[in-house]
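Heads up: the structure comes next, in structure tokens.
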Amino acid sequence: MLEAISPGDPYPLGATWDGSGTNFAVFSQGAESIDLCLFDASGHETRYELPEVDAYVWHGYLEQVEPGQLYGYRVRGRYDPEKGLRANYAKLLLDPYARAISGEVKWGQAVYGYKLAGHDDRVLDKSDSAGSMPKSIVLDTAFDWADDHRPRTPWHDTVIYETHVRGLTWQHPEVPPPQRGTYAGVAHPDMIDHFQRLGITAVELMPVHQFVDDHDLMKRGLRNYWGYNSIGFFAPHNGYASRRGQRVVNEFKAMVRTLHAAGIEVILDVVYNHTAEGDHLGPTLSFRGLDNASYYRLDRDDSRLYYDTTGTGNTLNVSNPHTLQLLMDSLRYWVLEMHVDGFRFDLAASLARQFHEVDKLSAFFDLIHQDPVISRIKLIAEPWDLGSGGYQVGNFPVLWSEWNGRYRDSVRDYWRQQNASIGELAHRLTGSSDLYEATGRRPWASVNFVTAHDGFTLADLVSYNVKHNEANGEGNRDGSDDNRSWNCGVEGRAQDPAVVALRKRQVRNFLTTLTLSLGVPMLLGGDEIGRTQRGNNNAYCQDNEVSWYDWASVDHDLLAWARTLINLRRSHPVFRRRRFFQGRPLRQLDTDPALADIGWFRPDGHLMTDEDWGVGYAKSLAVLFNGRSPGGADRHGRHVPDNSFYLALNAWEQPLGFRLPVAKWGGPWQVVVDTSDDKPVYKPALIAAGGALSLLGHHFVVLQQPNGV
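In our numbering, the protein residues as written are 2 to 710.
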């Protein structure tokens with residue numbers, strides 16, 4: 002029998018077990034009172050009114066409440082949607098600070114605060130939701146981290162692998178069936194071996210915060226596979242664990258510990274811009290019932306509605322200090338308690354909206370920059386949202402890196418022969434100094450990518466002229482209409498040997514461009530083995546063979562290519578420069594090329610002129626990366642002399658002859674990358690300075706000046 006509840010403490014928020022009992026604390030500015038609800042194994046509920054409130058934090062302490070205890074909250078308060086008030090005592094609410102969550106939402110009338118039949122959220126529904134709701138779990142945070150230490154890979158040495166916990170191993174034959182699609186599966190020895198042989202230094206996991214499968218998707222027999230629908234910002238998603246209850250947390254921690262031991266960092270894709278409660282017609286699961294007006298941005302003209310910049314129905318109100326505290330507490334928890342190494346912020350421009358406009362000096366960024374924990378880990382922004390003025394590539398503050406959408410678009414346009422200038426491509430190859438240098442940022446501010454989870458896989462990018470999202474049940478209207486790939490002709494020619502060869506070469510062109518560009522390369526998981534989604538470029542709801550990695554059909558030649566390219570990058574500091582190329586005036590270059598850290602050349606071997614850069618349709622160029630010049634450095638910032646490399650690119654459909662520069666620029670040269678070969682082949686033959694080089698249509702060749710010449 003539990004003792005009577007005592008006042009306890011207002012901090013820390015959440016449920017905190019101290020070895021004798023548990024303190025419960027939850028924020029709500031609009032509540033009149035809050036009941037703590039405890040559940041036993043049979044589902045029987047016992048309620049305790051929280052006896053104390055300080056600064057809008059309601060709290061209480063119960064002796065003998067131990068780890069594993071299931072709980073939730075009920076809020077007494079006003080239900081007046083037109084004033085932004087949505088308290089409903091009949092609805093059980095998840096703790097926003099729950100460290101673990103048991104079960105999932107059972108969709109139906111009970112989880113909605115209003116009568117579904119009338120589609121009018123102003124009509125209160127009093128059906129009890131406890132039987133349809135997941136429950137928060139009291140957690141024992143103890144875990145044996147052994148000698149775990151963070152790899153702390155410098156940004157300029159980082160290679161990111163974006164992947165999905167479930168899809169990565171669900172079909173992997175070497176992973177035991179109980180571990181497939183789980184945190185334990187990610188850490189399986191075969192996966193660790195794959196990561197290490199590939200050469201990546203960090204896995205970026207698509208959302209692992211506890212999320213909800215949307216009601217509409219469930220009615221269509223689909224699920225929210227991607228997980229951009231968070232409801233618990235502290236709890237690892239229980240559907241990705243081979244175990245249940247509080248052991249979910251330990252399985253996640255064990256995954257991190259194993260990856261760290263292999264030298265691999267863990268970056269989380271986090272969704273702090275919205276929650277799974279949707280718009281004004283969405284369910285009441287947590288935040289809405291606790292304090293709707295504090296947690297969400299409400300429409301300035303109609304408080305019944307939400308100000309939505311995310312396309313999901315709601316946007317978190319980061320202008321509220323308690324919501325900001327929630328986000329910062331969550332970030333610190335994942336770093337300090339779960340040992341993760343960084344975050345990629347989904348639709349990060351929404352977090353920068355102090356009021357309504359995107360503001361890089363908003364309170365959220367101020368807090369990040371002064372925080373002694375968060376300011377020291379990897380921070381990556383998806384620098385856009387769906388609101389007005391939301392495209393902010395290049396505009397995030399120092400300390401931040403960004404998914405560089407300009408890089409993706411420019412590289413795709415170049416290889417598909419669109420009318421983007423070669424000057425645009427040159428900026429992307431060399432770290433996008435036009436976007437980042439003026440604000441004191443480094444090349445690693447640019448996270449370069451050609452493909453990501455949102456869009457075509459690399460194999461599909463060069464194989465489909467149009468999207469094929471019919472299985473999503475939206476009439477093929479969802480997803481981008483522009484795949485920005487090279488138009489490979491009629492899809493029915495997929496078996497034409499010439500078309501197949503060209504598509505494979507395009508894949509190698511993209512991989513080579515991505516891997517050898519300055520900045521931080523991000524590889525979409527599965528691209529290295531030829532993964533296809535059968536033309537679906539918006540597989541957010543496809544928890545099936547469309548999205549799962551097909552380990553039985555690995556393109557081993559392509560995998561060897563990816564390993565070779567990443568190893569080339571890792572072996573040569575000139576591709577991992579910590580500073581932007583500076584160049585020199587043409588007169589200096591002609592007099593003493595050794596002064597140049599970079600040189601741009603026409604196919605005839607002569608330096609590019611201002612007039613050459615102005616030719617918008619040009620699709621061929623070459624660039625010399627001078628490894629002898631300062632810029633390449635080890636992890637301590639010390640200059641490391643390197644080989645020089647000459648990169649020749651031809652995006653025309655027709656073959657093109659190239660002439661290498663004269664001897665003062667270096668030579669002889671040795672081919673180390675040739676995308677016309679199915680297999681990466683070492684070519685020992687030397688080509689003299691000024692010699693000829695023949696490139697096929699859609700062809701990329703990289704030459705190296707060997708050591709000692």
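Heads up, the beta-carbon is just placed ideally off N, CA and C, and yes, glycines get one too.
Report, in whole angstroms, the separation of the C-beta atoms of residue i and residue j, which I expect to be a contact under 8 Å.
i      : j      : result
Ala353 : Phe344 : The Cβ separation is near 15 Å, so there is no contact.
Ala88  : Arg100 : With a Cβ gap of about 25 Å, Ala88 and Arg100 do not count as contacting.
Ile375 : Ala236 : In fact, because the Cβ distance is near 19 Å, the residues do not count as touching under 8 Å.
Asn405 : Ser447 : 4 Å
Pro669 : Leu687 : 4 Å
Ala472 : Thr533 : No, Ala472 and Thr533 are not in contact; Cβ-Cβ is about 14 Å, not under 8 Å.
Ala203 : Glu278 : 31 Å between Cβ atoms; not a contact.
Ala262 : Gln197 : About 11 Å; that fails the 8 Å criterion.
Asn315 : Thr285 : Not really, about 12 Å apart at Cβ, beyond 8 Å.
Val674 : Thr513 : 6 Å
For the beta strand (DSSP E) holding residue i, just list the boundary residues, first then last.
i      : result
Lys379 : Lys379 to Ala382
Trp404 : Trp401 to Trp404
Asn651 : Phe646 to Asn651
Val187 : First-last for Val187: Tyr184 to Val187, but that is the alpha helix (DSSP H), not the beta strand (DSSP E).
Ala693 : Ala693 to Leu696
His700 : His700 to Gln705
Leu37  : Ser34 to Phe40
For residue i, count neighbouring C-beta atoms within 10 Å of its own C-beta (all shown protein chains included) and say buried if the count is 16 or more, exposed if not.
i      : result
His120 : exposed
Val54  : buried
Val706 : The amino acid occupying residue 706 in the given sequence is Gln; Val does not appear at that position. Gln706 comes out buried.
Ser695 : exposed
Asn225 : buried
Leu337 : exposed
Arg153 : exposed
Gly222 : exposed
Lys254 : buried
Val491 : In this predicted model, Val491 has a pLDDT of only 42, less than 50, meaning its place in the structure is not dependable; the value taken from the coordinates is given anyway. By the neighbour-count rule (16 or more Cβ atoms within 10 Å), Val491 is not buried but exposed.
Arg506 : buried
Pro656 : exposed
Thr259 : buried
Leu282 : exposed
Ala382 : buried
Under a three-way DSSP split, which group does residue i fall into?
i      : result
Ala468 : It is worth fixing the name first, because residue 468 is Lys in this sequence and not Ala. Three-state DSSP puts Lys468 in coil, outside helix and strand.
Gly628 : coil
Asp302 : coil
Tyr62  : strand
Ile232 : strand
Gly22  : strand
His557 : helix
Gly527 : coil
His210 : strand
Ala713 : Residue 713 is absent from the model: the chain starts at 2 and stops at 710.
Tyr113 : coil
Pro574 : helix
Ala16  : strand
Gln507 : helix
Ala623 : strand
Ala5   : coil
Pro11  : coil
Pro179 : helix
Pro522 : strand
Gly600 : strand
Gln655 : coil
Asn708 : coil
Glu425 : helix
Gly119 : helix
I need the boundaries of the alpha helix (DSSP H) containing residue i, first residue and last residue.
i      : result
Ile201 : Careful: Ile201 lies outside any alpha helix (DSSP H) and carries neither H nor E.
Glu163 : Unbroken run through Glu163 is the beta strand (DSSP E), Ile161 to Thr164; no alpha helix (DSSP H).
Trp146 : From DSSP, Trp146 is part of no alpha helix (DSSP H); its letter is neither H nor E.
Leu95  : Counting along the chain, Leu95 falls outside any alpha helix (DSSP H), and DSSP gives it neither H nor E.
Trp614 : Asp611 to Trp614
Between residue i and chain D, is there a C-beta pair that is closer than 8 Å?
i      : result
Leu512 : The structure shown contains no chain D; it holds only a single protein chain.
Using a Cβ distance threshold of 8 Å, determine whether the segment 54-65 contacts the segment 300-307, with at least three qualifying pairs required. Verdict: no, contact absent.
Report yes or no: do three or more beta-carbon pairs, one from the segment 243-253 and one from the segment 122-142, lie closer than 8 Å? By the C-beta criterion, the segment 243-253 is judged to be in contact with the segment 122-142, since at least 3 inter-stretch pairs fall below 8 Å.
Taking 8 Å as the threshold, find out whether the segment 151-166 comes into contact with the segment 442-456 through three or more Cβ pairs. Cβ pair count under 8 Å is three or more, so yes.
Contact between the segment 284-295 and the segment 22-35 is defined here as three or more beta-carbon pairs at a separation below 8 Å; is this criterion met? The answer is yes - the segment 22-35 touches the segment 284-295, with three or more Cβ pairs under 8 Å.
With three or more beta-carbon pairs closer than 8 Å as the criterion, would you say the segment 601-620 touches the segment 549-558? When C-beta atoms of the segment 601-620 are compared with those of the segment 549-558, fewer than three pairs fall below 8 Å, so the two segments do not count as touching.
Inspect the CB distances between the segment 412-426 and the segment 437-444 and report whether three or more fall short of 8 Å. Taking 8 Å as the limit for Cβ pairs, the verdict is that the segment 437-444 does not touch the segment 412-426.
Touching or not, the segment 677-692 and the segment 558-578, by the rule of three or more beta carbon pairs under 8 Å? Three or more beta-carbon pairs drawn from the segment 677-692 and the segment 558-578 are found closer than 8 Å, and the two stretches are therefore classed as touching.
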